[in-house]
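Chains as they are written, first to last, in our numbering: chain L, 2 to 152; chain S, 2 to 84.
All C-beta atoms in this analysis are idealised placements derived from N, C-alpha and C, irrespective of residue type, glycine included.
Source: prediction; values computed, not measured.
To start, the structure under review is shown below, and the notes come after it.
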Amino acid sequence: MAVRVQQEDFDAGQELATLAAQNHAIGGVVSFIGRVRDMTKDGELMAMTLEHYPGMTEHALEKIEAEACSRWPLEASLIVHRHGRLEPGDQIVLVITASPHRHAAFEANQFLVDWLKTKAPFWKMELTEQGESWVETKSSDDRAAARWVAE
Amino acid sequence: MKILYFAWIKTRTGVGEEVVDPPAHVKTVGDLIDWLKTRGDGYAQALADPSVVRVAVNQEYAKWDAAVGSNDEVALFPPVTGG
Numbered sequence: 002m003a004v005r006v007q008q009e010d011f012d013a014g015q016e017l018a019t020l021a022a023q024n025h026a027i028g029g030v031v032s033f034i035g036r037v038r039d040m041t042k043d044g045e046l047m048a049m050t051l052e053h054y055p056g057m058t059e060h061a062l063e064k065i066e067a068e069a070c071s072r073w074p075l076e077a078s079l080i081v082h083r084h085g086r087l088e089p090g091d092q093i094v095l096v097i098t099a100s101p102h103r104h105a106a107f108e109a110n111q112f113l114v115d116w117l118k119t120k121a122p123f124w125k126m127e128l129t130e131q132g133e134s135w136v137e138t139k140s141s142d143d144r145a146a147a148r149w150v151a152e
Numbered sequence: 002m003k004i005l006y007f008a009w010i011k012t013r014t015g016v017g018e019e020v021v022d023p024p025a026h027v028k029t030v031g032d033l034i035d036w037l038k039t040r041g042d043g044y045a046q047a048l049a050d051p052s053v054v055r056v057a058v059n060q061e062y063a064k065w066d067a068a069v070g071s072n073d074e075v076a077l078f079p080p081v082t083g084g
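What follows is the structure in structure tokens.
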């Protein structure tokens with residue numbers, strides 16, 4: 002179980018290989034990569050800057066990961082989240098979950114992505130031809146996170 | 002007391018981090034926000050709508066009735082948009 006918050010890019014293939022290498026109890030590995038899209042509600046995106054709260058960010062991600070481990074039988078997990086300036090096509094976040102069985106790996110992965118979007122202290126600022134603007138929270142993200150509470 | 006501001010709340014207050022010494026009647030997060038709002042137009046604008054202000058005390062999410070003291074680190078920020 003690990004979290005990393007970093008400016009530099011990540012290599013998902015290498016992370017997947019490392020995560021599962023020594024553990025033969027793992028029967029399924031699921032990975033999610035979030036990327037910077039080129040379109041925003043204000044038009045074409047030129048760049049995005051991700052701000053975060055150093056210290057609390059890592060702490061919040063660790064808590065979310067611990068919650069996933071308490072709900073599903075995970076053998077391993079990894080969250081890597083970038084900050085700083087990113088451009089369309091760049092990778093933002095990597096979430097890997099590994100479990101003896103695929104259902105736990107799939108569900109835990111969705112849970113981690115849904116919860117980190119609504120709980121980890123990151124903020125996106127988009128740059129378009131209209132200028133810079135802070136991204137607003139989507140109610141669909143809140144609903145996605147809330148369904149894990151109801152269950 | 003150390004106060005941190007992030008995203009558009011920081012843009013409006015014009016400061017990312019500051020150390021403040023609030024008056025004695027400031028005992029909770031809600032008291033603190035009410036007091037900060039009196040410190041200038043930027044603060045008043047940044048904190049005008051409580052429904053879009055999230056609070057962390059010592060890096061844990063906190064509600065408006067949470068206690069705050071001189072040794073605490075309090076962060077004020079909008080709803081998060083990572084991932």
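Looking at the structure shown, is residue i part of a helix, part of a strand, or coil, going by DSSP?
i: S/V30; result: helix
i: L/H82; result: strand
i: S/Y62; result: strand
i: S/Y44; result: helix
i: L/A77; result: strand
i: L/E88; result: coil
i: S/A76; result: strand
i: L/E45; result: strand
i: L/A145; result: helix
i: L/T119; result: helix
i: L/K139; result: coil
i: L/A217; result: What the structure shows of chain L is the stretch from 2 to 152, and residue 217 of chain L is not part of that stretch, so it cannot be assessed.
i: L/A13; result: helix
i: S/A90; result: Chain S is shown only over 2 to 84; residue 90 of chain S falls outside these bounds and no answer can be derived.
i: S/A68; result: strand
i: L/P109; result: Per the sequence shown, the amino acid found at residue 109 of chain L is Ala instead of Pro. The answer is helix: DSSP assigns L/A109 an H, G or I state.
i: S/V56; result: strand
Identify the continuous beta strand (DSSP E) that holds residue i and give its terminal residues.
i: L/W135; result: 132 to 135
i: L/K125; result: 123 to 129
i: S/E18; result: 18 to 20
i: L/V4; result: 3 to 7
Output the boundary residues of the alpha helix (DSSP H) element that contains residue i.
i: S/K11; result: 8 to 14
i: L/S32; result: Segment 29 to 36 is the beta strand (DSSP E) holding L/S32; no alpha helix (DSSP H) there.
i: L/H190; result: There is no way to answer for residue 190 of chain L, as the model of chain L reaches only from 2 to 152.
i: L/A67; result: 57 to 72
Can we count residue i as close to the ligand NAP, meaning its CB is less than 7 Å from some heavy atom?
i: S/K3; result: Ligands displayed in this structure: none; no statement on the ligand NAP is therefore possible.
query: Got a sec: which bits of the region 2 to 29 of chain S sit with their beta carbon under 9 Å from any beta carbon on chain L, in order along the chain?
result: If you check each beta-carbon in the region 2 to 29 of chain S against every beta-carbon of chain L, the ones closer than 9 Å belong to L5, F7, A8, W9, K11, T12.
- request: Could you tell me whether the region 26 to 43 of chain S touches the region 139 to 146 of chain L, using the rule of 3 or more Cβ pairs below 8 Å?
  value: Result no; under three Cβ-Cβ pairs closer than 8 Å.
- prompt: Would the region 119 to 128 of chain L and the region 46 to 61 of chain L be scored as touching if the rule is three or more Cβ pairs under 8 Å?
  reply: Judged by Cβ distances under 8 Å, the region 119 to 128 of chain L makes contact with the region 46 to 61 of chain L, as three or more pairs qualify.
message: Does the structure place the region 111 to 118 of chain L close enough to the region 36 to 48 of chain L that three or more beta carbon pairs sit under 8 Å?
response: Here the region 36 to 48 of chain L does not lie against the region 111 to 118 of chain L, with fewer than 3 beta-carbon pairs under 8 Å apart.
query: Counting pairs of Cβ atoms below 8 Å between the region 84 to 100 of chain L and the region 3 to 16 of chain L, do you hit three or more?
result: A contact exists between the region 84 to 100 of chain L and the region 3 to 16 of chain L.
- prompt: Between the region 115 to 133 of chain L and chain S, which residues of the former have CB atoms less than 8 Å from a CB of the latter, in chain order?
  reply: So the close ones are L117, K118, T119, K120, A121, P122, F123, W124, K125, M126.
query: On the three-pair Cβ rule with 8 Å, is the region 6 to 22 of chain S touching the region 64 to 84 of chain S?
result: Yes, since at least three Cβ pairs between the region 6 to 22 of chain S and the region 64 to 84 of chain S fall closer than 8 Å, the two stretches touch.
message: Closer than 8 Å is the cut-off here; do at least three beta carbon pairs connect the region 131 to 138 of chain L with the region 96 to 110 of chain L?
response: By the criterion of at least three beta-carbon pairs nearer than 8 Å, the region 131 to 138 of chain L is not in contact with the region 96 to 110 of chain L.
- request: Could you please tell me which residues of the region 80 to 91 of chain L, in chain order, have their CB closer than 7 Å to any CB of chain S?
  value: Cβ proximity to chain S below 7 Å picks out H82 from the region 80 to 91 of chain L.
field: Against chain S: residues of the region 39 to 54 of chain L by CB proximity under 9 Å
entry: Within the region 39 to 54 of chain L, the residues whose Cβ lies closer than 9 Å to some Cβ of chain S are L51, E52, H53, Y54, listed in chain order.
- prompt: the region 43 to 71 of chain S: which residues have C-beta closer than 7 Å to a C-beta of chain L, in chain order?
  reply: For the region 43 to 71 of chain S, which is checked against every Cβ of chain L, the residues closer than 7 Å are A57, Q60.
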